[in-house]
Amino acid sequence: MSRMGTAGAATLVSLVVLGLSAPTAAFAEAGGPEAPRVVCGTDGTTGLAVSAGSAGDCGAALRVAGAYTKAGLREGGAVTVVSSDGTVWHCQERQGDPNPYQECVDTTDTARHVTLTS
């Protein structure tokens, strides 16, 4: 491979690696969360993917997911109340298509959602 080809390949690999380390946009499937979401990472306890409305909410989303899984995920739609960073969140299982997912909603700003999906 020529010197220019090697440098170009190295740059491409660097860009791909950088792209994988940043939060990525994910769009809801039918029956799932309705707004475009940003995948923030995974919950350390369950391994479920954690998503938020924007990359700026990722830190909070991961903390809310951790509080929810620590409280114990409830099946069948039972609401679990968790507190994270001084904010109260209502969390529960929701029916997706085809799989259910977990969702937490900020009680003071219902536009803020955190989702946990497999």
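Each residue of the sequence shown is one higher than the last, beginning at 28 in the numbering used here.
For every residue, glycine included, the Cβ atom is placed at its ideal position computed from N, Cα and C.
Given the structure is predicted, the values throughout are model-derived calculations rather than measurements.
Range covered by the alpha helix (DSSP H) that runs through residue i
i: residue 89; result: 85-98
Cβ-based burial, residue i [other Cβ within 10 Å; buried from 16]
i: residue 70; result: buried
i: residue 139; result: buried
i: residue 111; result: buried
i: residue 122; result: exposed
i: residue 124; result: exposed
i: residue 92; result: buried
i: residue 78; result: buried
i: residue 88; result: buried
Residue i, enclosing beta strand (DSSP E) - first and last residue
i: residue 119; result: 114-121
i: residue 141; result: 140-144
i: residue 69; result: 64-69
Close Cβ partners of residue i (< 7 Å) along its chain, the five nearest in sequence each way excluded
i: residue 135; result: 114
i: residue 133; result: 114, 116, 139
i: residue 128; result: 59, 121, 142, 143, 144
Beta carbon proximity, residue i to chain C, threshold 7 Å
i: residue 100; result: Absent from the structure is chain C; it holds one protein chain and no more.
Proximal residues to residue i (C-beta, below 8 Å), its chain only, five neighbours per side dropped
i: residue 107; result: 95, 98, 99, 100, 101, 117, 118, 119
i: residue 103; result: 120
i: residue 90; result: 111, 112
DSSP three-state assignment for residue i, whether helix, strand or coil
i: residue 79; result: strand
i: residue 130; result: strand
i: residue 106; result: coil
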